[in-house]
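Student: Please see the structure below; I have some questions.
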Amino acid sequence: MLGFSVSVILGNPRSNEIVSSWTRMQEDLASNVDYTDNNDWSHFFKPTGFQADRDLFVAGVDISFSTTEDLSIGTIAIVKLRRDSRQQLVYSHSREVSVQYPYVPSFLGFREAPIISTLMKHLPLRVRCSLDCLLVDGNGVLHPRKAGLACQVGIGESIPCVGVSKNLLCVDGLNEKTFREYIASSHSNEIDVIGRSGFLWGKAIMTGNAKSKPIFVSVGHRVSLITSARLVTALCEFRIPSPIRFADMHSRAYLRGECNDLFMEEEFP
DNA sequence: GCGACAG
DNA sequence: ATCTTGTCGC
Numbered sequence: 008m009l010g011f012s013v014s015v016i017l018g019n020p021r022s023n024e025i026v027s028s029w030t031r032m033q034e035d036l037a038s039n040v041d042y043t044d045n046n047d048w049s050h051f052f053k054p055t056g057f058q059a060d061r062d063l064f065v066a067g068v069d070i071s072f073s074t075t076e077d078l079s080i081g082t083i084a085i086v087k088l089r090r091d092s093r094q095q096l097v098y099s100h101s102r103e104v105s106v107q108y109p110y111v112p113s114f115l116g117f118r119e120a121p122i123i124s125t126l127m128k129h130l131p132l133r134v135r136c137s138l139d140c141l142l143v144d145g146n147g148v149l150h151p152r153k154a155g156l157a158c159q160v161g162i163g164e165s166i167p168c169v170g171v172s173k174n175l176l177c178v179d180g181l182n183e184k185t186f187r188e189y190i191a192s193s194h195s196n197e198i199d200v201i202g203r204s205g206f207l208w209g210k211a212i213m214t215g216n217a218k219s220k221p222i223f224v225s226v227g228h229r230v231s232l233i234t235s236a237r238l239v240t241a242l243c244e245f246r247i248p249s250p251i252r253f254a255d256m257h258s259r260a261y262l263r264g265e266c267n268d269l270f271m272e273e274e275f276p
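Residue numbers for the first sequence follow this note's numbering, so the first one is 8 and each next one is one higher.
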């Protein structure tokens with residue numbers, strides 16, 4: 008099933024058992040993914056486009072690593088944005104973390120989800136409860152077993168979650184090159200990601216000024232694909248949606264010794 | 001056998 | 001993911 012040797016990557020004879028276990032866990036996760044909107048998003052998305060009746064709060068997380076340091080040590084950042092007529096950073100926190108496993112294609116969740124979940128649990132209650140959604144740097148159901156990082160975090164933390172990836176994880180006969188052609192001949196900046204099986208895996212969206220390289224959005228948990236796409240589009244000032252972009256910038260800054268933690272007054276308990 | 005492989 | 005400055009182009 009896997010075209011590479013995980014045992015070499017993980018470096019121990021038990022790795023095949025680990026991957027088998029992970030595979031079963033992903034199959035179980037997939038059966039628990041909620042592809043529907045749990046919340047009422049009509050407060051934000053009108054027929055005319057994004058228009059907020061009330062403030063929309065979306066969080067983004069990202070983990071960065073340095074080559075010069077211990078490969079198992081990284082920095083994570085979580086940010087919270089308020090989206091009204093504009094986008095404003097209202098909360099940010101970064102910290103050092105250690106990962107348990109190396110990156111193995113299609114098993115990113117087992118490397119990053121535990122870290123993200125721990126951080127989510129440590130968020131000030133007030134911040135955590137105000138979140139309408141969480142954006143994750145990685146796929147949701149656009150995954151070989153329909154159980155990507157965004158599903159793992161969304162289910163684990165019971166939060167509406169959307170997966171956003173910068174590169175296509177090839178499944179169901181999909182190939183990134185074919186998208187180049189579709190994009191060139193398409194008038195829309197949004198394309199359904201449908202494989203040979205006919206399953207709708209997600210959407211390829213041309214955001215910002217990058218009309219050539221799309222980002223791939225997929226359902227994580229408790230948010231429909233339609234809403235996921237609308238959310239991401241409403242949060243893109245550039246190619247990468249702001250919550251993830253800021254989380255990436257802050258985690259990298261923290262890696263360099265700079266701290267951008269931010270606590271707006273109304274965020275204190 | 002060859003290619004493909006989120007971060 | 002990360003190593004990396006200036007530089008070509010809209």
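The beta carbon of each residue, even a glycine, is placed where N, CA and C say it ideally should be. Note that the coordinates shown come from a computational prediction; the quantities given were computed from them, not determined experimentally.
1. Report all residues from its chain with a CB closer than 8 Å to the CB of G145; omit the five preceding and five following residues, and keep chain order.
2. Tell me whether the beta-carbon of H123 lies closer than 7 Å to the beta-carbon of V68.
3. So the beta strand (DSSP E) A84 belongs to, where does it begin and stop?
4. So for C158, helix, strand or coil by DSSP?
5. Report the CB separation of A236 from I212 in whole angstroms; it is logged as a contact under 8 Å.
6. Using CA coordinates, which residue listed in E76, Y42, S258, C243 is at the minimum distance from N216?
7. May I ask you to verify whether the segment 34 to 48 touches the segment 160 to 168, counting CB pairs closer than 8 Å and requiring at least 3?
8. Quick check: P248 and L142, are their CB atoms within less than 7 Å of each other?
9. Using DSSP with H/G/I as helix, E/B as strand and the rest coil, what is L9?
10. Taking C168 as part of the beta strand (DSSP E), name the residues at either end of that continuous run.
11. Under the rule that 16 or more other beta-carbon atoms within 10 Å means buried, what is L262, buried or exposed?
12. Measuring straight from C-alpha to C-alpha, what distance separates F72 and S113?
13. As a quick exercise: from K184, H228, Q94, P121, pick the residue whose alpha carbon is nearest that of I251.
14. Can you look up N23 in the DSSP assignment and give me helix, strand or coil?
15. Whose C-beta lies closer than 7 Å to the C-beta of E265 among residues of the same chain, with five residues either side of it excluded?
16. Using CA coordinates, which residue listed in V104, Y110, C140 is at the minimum distance from L1?
17. Spatial neighbours of Y98 within its chain, please: C-beta separation below 7 Å, excluding the five flanking residues on both sides.
18. Evaluate K210 with the Cβ neighbour count: other Cβ atoms within 10 Å of its Cβ, from every protein chain shown; 16 or more gives buried, anything less gives exposed.
19. Given a threshold of 16 other Cβ atoms within 10 Å of its Cβ, counted over all protein chains shown, does R229 qualify as buried or as exposed?
20. Please go through the same chain and pick out, in chain order, the residues whose beta-carbon is closer than 6 Å to the beta-carbon of I80, but skip the five residues on each side of it.
21. Nearest to L78 by alpha carbon, out of C140, Y110, L176, K153?
22. Note down the Cα distance separating C168 from T43, rounded to an integer number of angstroms.
23. By how many angstroms is the C-alpha of F64 removed from the C-alpha of P131?
24. Quick one: what does DSSP say V5 is sitting in, helix, strand or coil?
25. Assuming L96 and F253 are in contact, meaning their beta carbons sit under 8 Å apart, how far apart are those beta carbons, in whole angstroms?
26. With distance defined between alpha-carbon atoms, name the residue in L175, S137, D139, K128 nearest to G147.
27. Does the separation of the CB atoms of G202 and L181 fall below 7 Å?
28. Assign F223 to buried or exposed, taking buried as 16 or more other Cβ atoms, counted over all protein chains shown, within 10 Å of its Cβ.
29. Mapping DSSP to helix, strand and coil, what is E76?
Tutor: Straight from the coordinates:
1. Cβ within range, chain order: L115, G116, E119, G155, L156, A157, G170, V171, S172.
2. The displayed chain sequence assigns Ile, not His, to residue 123. Yes. Within cutoff.
3. Residues 80 to 90.
4. In the three-state DSSP reduction, C158 falls in the helix class (H, G or I).
5. Sure, about 6 Å apart at Cβ, within 8 Å.
6. Cα-wise, what sits closest to N216 is C243.
7. The answer is yes - the segment 160 to 168 touches the segment 34 to 48, with three or more Cβ pairs under 8 Å.
8. A contact, by the Cβ cut-off of 7 Å.
9. Because L9 sits at a pLDDT of 44, beneath the cut-off of 50, its placement in the model cannot be relied upon, and the following sentence gives the value as read from the coordinates. DSSP places L9 in coil when its eight states are reduced to three.
10. Counting along the chain, the beta strand (DSSP E) containing C168 begins and ends at 168 to 172.
11. Result: buried.
12. The alpha-carbon atoms of F72 and S113 are separated by roughly 19 Å.
13. Its Cα nearest to that of I251, the residue Q94 stands out among K184, H228, Q94, P121.
14. N23 falls in the helix class under three-state DSSP.
15. Within the same chain, and ignoring the five residues on either side of E265 in sequence, no residue has its Cβ closer than 7 Å to its Cβ.
16. In the structure as shown, the chain starts at 8 and stops at 276, and residue 1 therefore has no counterpart that could be examined.
17. For Y98, where only same-chain residues beyond five positions count, the Cβ hits under 7 Å are V86, K87, V134, L269, F270, M271, E274.
18. By the neighbour-count criterion, in which 16 or more other beta carbons inside 10 Å mark a residue as buried, K210 falls on the buried side.
19. R229 is buried by the Cβ-count criterion.
20. Around I80: S105.
21. That would be Y110, whose Cα lies nearest to the Cα of L78.
22. Computed Cα separation, rounded: 11 Å.
23. Spanning the alpha carbons of P131 and F64 requires a straight line of approximately 15 Å.
24. With the chain covering only 8 through 276, there is no way to say anything about residue 5.
25. The pair is a contact, with the Cβ atoms about 6 Å apart (cut-off 8 Å).
26. Selected option, being the one with the closest Cα: L175.
27. At a Cβ-Cβ threshold of 7 Å, G202 and L181 count as neighbours.
28. Under this definition F223 is a buried residue.
29. Three-state DSSP puts E76 in coil, outside helix and strand.
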